[in-house]
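Participant:
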Amino acid sequence: MNVQAESSAARDVLDRPLAATSLLDALTDLLRDVRSTEFPLEVPGVVAARASRVRLVDQLADHLVPRLRQLSAPAIVVVAGSTGAGKSTLVNSLVGTEVTTAGVLRPTTRRPVLVHHPEDAELVREHPVTDAVEVVASERVPRGVALMDAPDVDSLEEANRRSAHRLLEAADLWLFVTTAARYGDALPWRVLAGATERGASVAMVLNRVDPASLPTVRGDLLDRLRAHGMQGSPLFVVPDLGPHEGLLDQALVAPITRWLTMLAGPDRARTVVARTLRGSFAALRPWVDELVDAVERQAEAAGDVRAALDDAVRAPAEDARRTITRGAVAQGAVQARWTELTAPGAALAGVLRGGGRVDRSRRAGRDRAAAVMPLVQDLVSSASATLSAIGAATETALRDTLASGSTARSAAELWPTADRAADRPREVERAARDWVGAAVEVLTSEPAAPAPAGDDRVARRAAAKGAKRAAAAQRALGDEGLAALALASAAGLESADRMLVDLLGERGTEVAAVLRDRLAEHAADQTRRERDAAVAVLDRPALAADAASTLRLRLAVIKGLT
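Just so we're aligned: 64 in UniProt numbering is position 64 of the sequence shown, and the numbers increase by one with no gaps anywhere.
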């Protein structure tokens with residue numbers, strides 16, 4: 001599409017209020033979604049994606065949305081360039097008075113200035129960039145145009161560079177100032193390339209040119225403009241005056257003044273605005289497409305990290321089960337307490353008498369049940385400590401996995417170290433008490449192993465014998481005491497296991513196995529909780545599989561309107 005057709009298409013949007021309103025709504029929605037877009041993972045290209053998102057927010061917030069919201073506002077002409085190019089002196093000379101300070105120390109432009117005609121004050125006041133600039137009214141600025149003196153694009157101060165790029169995104173037209181000595185610098189051309197990519201209208205001022213070298217410098221600069229697709233950009237030349245202070249002679253800036261006056265005409269200004277809008281709309285599509293691709297790369301990377309964490313938790317889960325079956329919970333305080341309870345004359349020493357007979361005294365049973373309660377608490381504490389150690393080992397394995405690659409490392413940075421230290425004690429305490437609390441239920445409700453097929457009388461006799469043994473054991477220890485014995489057996493105390501079998505027979509082996517399996521499952525659950533805590537850092541909208549769908553929808557609407 002040629003320039004005239006582009007301008008016509010863009011002006012068609014401007015001339016149709018309903019279309020402009022619909023487009024404004026679509027761009028406002030896009031701005032909201034782009035602002036909320038995040039790139040938390042360090043995937044290839046993420047630095048460029050983050051910078052692109054910032055520029056797109058600036059373009060939408062400071063140019064497209066305010067321009068469509070106020071189509072009659074003055075055309076914003078941003079005077080930009082490198083340090084020492086003479087931007088401030090040029091702006092002051094165009095206005096005829098010093099409205100912006102021209103310095104010699106870097107950065108030479110410290111505070112951006114926006115100069116407008118007094119009758120445009122109301123239209124300028126609502127522009128978003130006015131929060132970052134000093135606003136000055138001047139009769140010398142043609143109505144319909146506002147001049148903005150931007151900070152140096154190559155400023156030593158990051159805040160100034162950021163401000164310069166933001167203001168350039170707000171421009172309807174760039175007036176780029178360079179010098180005969182610096183027009184070949186790489187940075188300004190990178191900035192100008194960005195302008196042409198988004199379809200901005202650009203004019204150039206070649207400042208401080210020695211008349212003797214003008215033909216050579218001007219010719220070379222025109223070649224560079226053509227190479228960058230800017231052959232239609234106006235080029236103004238200001239000769240070198242040598243050491244100079246104050247304003248330039250009006251004759252030297254008269255061509256630029258006439259050009260600005262021409263731009264200020266209603267039709268011409270509208271054409272410039274329309275051309276830049278059209279270019280911005282055209283650039284917006286690939287721009288958002290690239291952002292969508294970057295968002296999708298984040299989601300794909302998050303999927304890879306999740307898969308890596310799933311793999312990383314398998315070995316700790318197996319180790320956790322082995323830790324339980326090897327009797328880790330029975331060590332330390334549990335073993336010491338059991339030794340104390342089974343010592344000669346202690347509470348459990350007289351449960352079984354000679355010939356394997358059970359002491360069925362209910363009173364003794366109640367005393368024994370009370371005596372083993374500290375053992376239950378020791379089992380809770382030991383189970384909690386074991387589960388906590390399993391959790392910590394699993395967390396270490398997961399963090400080692402997250403430390404193995406740049407993408408995973410960025411996920412690790414999202415996972416605060418303190419989170420598990422705060423949550424794990426509560427989790428393991430609850431799991432340990434759940435395990436202990438299940439013992440009575442297992443003892444009283446778990447069915448006995450079925451008798452072999454055969455004579456029903458044999459089965460009935462076996463069942464009756466089992467019930468008789470269970471009743472005797474219950475009288476000897478009480479439900480709570482018998483549960484404590486079953487837990488000690490399940491934890492891995494061999495002597496407790498023998499006592500349980502002596503009391504309950506095969507039923508004791510069965511009960512201990514069920515409780516051991518339940519504790520092993522609690523251990524496996526703890527590894528899963530650790531994995532879930534690691535994966536939870538990826539459970540954010542920016543890393544969802546459909547994270548880019550909203551941006552795609554916004555872009556489709558805008559394509560339909562432009």
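A virtual CB, placed ideally from N, CA and C, is assigned to each residue, including glycine.
1. What is the DSSP secondary structure of F281, reduced to helix, strand or coil?
2. Determine the DSSP secondary structure at W174, reduced to helix, strand or coil.
3. Quick one: grab the DSSP three-state call for E395.
4. Excluding the 5 residues flanking S410 on each side, which residues of the same chain have their C-beta closer than 6 angstroms to its C-beta?
5. In whole angstroms, give me the CA-to-CA distance for A533 and R420.
6. Could you tell me the alpha carbon to alpha carbon distance between A299 and A308, rounded to whole angstroms?
7. Taking contact to mean 3 or more Cβ pairs, one atom from each stretch, closer than 8 angstroms, check whether the segment 174–191 and the segment 77–94 are in contact.
8. Within 10 angstroms of the Cβ of N231, are there 16 or more other Cβ atoms? Answer buried if so, exposed if not.
9. Taking N92 as the reference, give the member of A312, D304, L248 and H522 with the closest Cα.
10. Does the beta-carbon distance from A422 to Q526 come in below 8 angstroms?
11. Do the segment 378–388 and the segment 274–294 touch if we need at least three Cβ pairs shorter than 8 angstroms?
12. Buried or exposed: where does D539 fall if 16 or more other Cβ atoms within 10 Å of its Cβ makes it buried?
13. If I'm right that H165 touches R53 with Cβ under 8 angstroms, what's the distance once you round it to whole angstroms?
14. Return yes when the C-beta of R278 is under 7 angstroms from any heavy atom of the ligand SAM, and no when it is not.
15. Under 6 angstroms Cβ to Cβ from L252, same chain only, skipping five residues before and after it: list those, please.
16. Assuming V141 and L147 make a contact with CB atoms under 8 angstroms, what is their CB distance in whole Å?
17. Please classify T396: is it buried, with 16 or more other beta-carbons within 10 angstroms of its beta-carbon, or exposed?
18. Among P128, K87 and A121, which residue has its Cα nearest to the Cα of P151?
19. Mind checking who N207 pairs with in its DSSP beta bridge?
20. Are L175 and V77 closer than 8 angstroms when you measure CB to CB?
21. With three or more C-beta pairs closer than 8 angstroms as the rule, is the segment 21–34 touching the segment 60–74?
22. Using the Cβ count rule (16 or more neighbours within 10 Å means buried), how would you classify R125?
23. Quick check: what's the CA-CA separation for V305 versus A536?
Facilitator: According to the structure data:
1. helix
2. strand
3. helix
4. L41 and E42
5. 8 angstroms
6. 14 angstroms
7. yes
8. The sequence given here has Gln at residue 231, not Asn. That one is exposed.
9. L248
10. no
11. no
12. exposed
13. About 13 angstroms separates the two Cβ atoms, so there is no contact after all.
14. By its list of ligands, the structure shown contains no ligand whatsoever, and the ligand SAM lies outside what it can speak to.
15. V238
16. 6 angstroms
17. exposed
18. K87
19. T179
20. yes
21. yes
22. exposed
23. 11 angstroms
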